[in-house]
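Working notes, beginning with the structure itself.
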Amino acid sequence: MVNTRFRVFITFLCLFTTLIVPAAAAEQAHITEIYANGDICEVNIEFFEDSHNVTLRYDLMYRDQLIDSKVVKLGNVTTGNITKITLWNNNLKKQIYTFKVTVFVDRELADSRQTLFVYGNEALMDFKVAGFRSNNKGSMVVLSPTNIYHPSVVDLSFEIFKEDELLYSETLEDVSVVQSLEKTIKWPILLDKGKKYITVLKIYSHVSNLTSAYVSIFKAEEDVKIMPDDLEIDEYGASVTLRGMSQVPFEGKVSIALINDARYIYFEEECDLLTLNKEDTIGFLWESIPPGEYIVEISAINNEGKTIDSYQTAVRIREIATFQQEQTKELPGLNIVSNIIVFMTVFLLIRINRGIDD
2 MVNTRFRVFI TFLCLFTTLI VPAAAAEQAH ITEIYANGDI CEVNIEFFED SHNVTLRYDL
62 MYRDQLIDSK VVKLGNVTTG NITKITLWNN NLKKQIYTFK VTVFVDRELA DSRQTLFVYG
122 NEALMDFKVA GFRSNNKGSM VVLSPTNIYH PSVVDLSFEI FKEDELLYSE TLEDVSVVQS
182 LEKTIKWPIL LDKGKKYITV LKIYSHVSNL TSAYVSIFKA EEDVKIMPDD LEIDEYGASV
242 TLRGMSQVPF EGKVSIALIN DARYIYFEEE CDLLTLNKED TIGFLWESIP PGEYIVEISA
302 INNEGKTIDS YQTAVRIREI ATFQQEQTKE LPGLNIVSNI IVFMTVFLLI RINRGIDD
């Protein structure tokens, strides 16, 4: 009887191993994290090997009813972790919904995971978001406590996506919200001109143990600023300082126009490649500028000819005095020295002649 039970156990164990081991060996991808709030969905997937023909399917459901579905083809994916995002616009009600993500590799199911969320759970939070926005420089959020007598502690996670792919994330942990405050970060990565970027702020509350998310979208553009306090202009030239105001590199030039009723005088010089908070000082040298009062127009112009920033001021060009060098006036002792040299030469010649006669 014991042997019979043992044989059954061994048979079952072998069958179980046969069923489990191939599935584990064939595992190519695993969904490690998923977040959804009805407006956005974010999923992190780990790929254990280079995978081909990868497809993601997103399903938004209420109970057993499918509300919306999206299919995203990723193509070839290398080994490692990726984070993807998708946006929704379904005018949901304040109810409990299910969000499901499925990963296919070469049309075979690799992994699937789902989560529940309550749409509009911001009302349950112990803090309020007065504003969240992002631009070419970075992201900024303004927070305040829902009740000043019950402060909150939160973690702030800033993320930036190009299309649906995560480029960079930064988390500020244990931020105390006891009064209205502002938190900002700067992007440490370069941005592509003209591209759309999606930024997500996820806020996790230590008090309510809930996470909420907010979205800001912007189009990346180059930006520079002419620094008026560093501007110098006189009869001999000018000095102009530019400061980068964007993580989109600025490529271009600086122009100066001197204008009055009689003249329009134009100069331009190339500047260095500028990104956020980097500066370049461009020098201009000129001569023979007719004296008079001029309006000065300074412009920072990109390679497409678009003026990114401009500044106006005025200057009075004074006449530069000319100095004619006169040898006798500049060196009054020259004649005395010449006379001494002539006298010594004559004296030596006389002594030589006397020596010959002797």
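For the sequence shown, my numbering assigns the number 2 to the initial residue and increments by one for each residue that follows.
Cβ atoms here follow ideal geometry from the backbone N, Cα and C, with glycine treated the same way.
Note that the structure is a prediction, hence the values are computed from the model and not measured.
- Query: Roughly how many angstroms lie between the CA atoms of Ile309 and Phe49, to the nearest whole one?
  - Reply: Taking the first residue of the sequence shown as 1, we reach residue 309 at position 308. Taking the first residue of the sequence shown as 1, we reach residue 49 at position 48. Distance between the alpha carbons of Ile309 and Phe49: 47 Å.
- Query: What is the DSSP secondary structure of Pro146, counted as helix, strand or coil?
  - Reply: For the purposes of this step, residue 146 is taken as residue 145 along the sequence shown, with counting starting at 1. It is a strand residue.
- Query: What distance in whole Å lies between the Cβ atoms of Val119 and Leu144, which are believed to be in contact at a cut-off of 8 Å?
  - Reply: Numbered from its first residue, the sequence shown carries residue 144 at position 143. Numbered from its first residue, the sequence shown carries residue 119 at position 118. With 8 Å as the limit, Leu144 and Val119 do not qualify as a contact, their Cβ atoms being about 21 Å apart.
- Query: Can you tell which of Thr242, Phe285, Tyr59, Val106 has its C-alpha closest to the C-alpha of Val78?
  - Reply: For the purposes of this step, residue 78 is taken as the residue at position 77 of the sequence shown. Among Thr242, Phe285, Tyr59, Val106, the Cα nearest to that of Val78 is on Val106.
- Message: With H, G and I counted as helix, E and B as strand and the rest as coil, what does DSSP make of Glu331?
- Response: As a position in the sequence shown, residue 331 is number 330, starting the count at 1. No answer about Glu331 holds up, because its pLDDT of 45 lies below 50 and its placement is not dependable.
- Secondary structure at Asp230, three-state DSSP: helix, strand or coil? Here the question's residue 230 lines up with position 229 in the sequence shown. If DSSP states are grouped into helix, strand and coil, Asp230 belongs with the helices.
- Mind listing, in chain order, the continuous beta strand (DSSP E) runs of no fewer than 3 residues lying wholly within the region 237-282? 238-245, 253-260, 265-271
- Message: Classify Gln66: buried if its beta carbon has 16 or more other beta carbons within 10 angstroms, exposed otherwise.
- Response: Residue 66 sits at position 65 when you count from the first residue of the sequence shown. By the neighbour-count rule (16 or more Cβ atoms within 10 Å), Gln66 is not buried but exposed.
- Exposed or buried, which one is Glu305 when buried takes at least 16 other CB atoms within 10 Å? Position 304 of the sequence shown, counted from the first residue, corresponds to residue 305. Label assigned to Glu305: exposed.
- Message: I'd like the list of long-range same chain contacts for Lys279, defined as Cβ closer than 7 Å, with 5 residues on each side in sequence excluded.
- Response: As a working mapping, residue 279 is identified with position 278 in the sequence shown. Around Lys279: Gly245.
- Report the partner residues of Ser309 according to the DSSP bridge assignment. Sequence index remark: in the sequence shown, residue 309 carries index 308 (1-based). It is Ile, not Ser, that sits at residue 309 in the sequence shown. Beta-bridge pairing links Ile309 to no other residue.
- Task: Let me know if Pro146 comes out buried or exposed under the rule of 16 or more other beta-carbons within 10 Å of its beta-carbon.
- Result: As a first step, residue 146 is located in the sequence shown; it is residue number 145 there, counting from the start. With 16 or more Cβ atoms within 10 Å of its Cβ, Pro146 is classed as buried.
- Task: Using 10 angstroms around the beta-carbon of Ala131, count the other beta-carbons present and answer buried if the total reaches 16, otherwise exposed.
- Result: Your numbering for residue 131 matches position 130 in the sequence shown. Answer is exposed; the Cβ neighbour count stays below 16.
- For the region 166-182 against the region 218-228, are there 3 or more C-beta pairs whose distance is under 8 Å? no
- Item | Touch test, the region 30-42 against the region 94-109, Cβ-Cβ under 8 Å, three pairs minimum | yes
- Message: Among Asn92, Lys187, Asp165, Leu117, whose alpha-carbon lies nearest the alpha-carbon of Ser135?
- Response: Position 134 of the sequence shown, counted from the first residue, corresponds to residue 135. Looking at the Cα atoms, Lys187 is the closest of the given residues.
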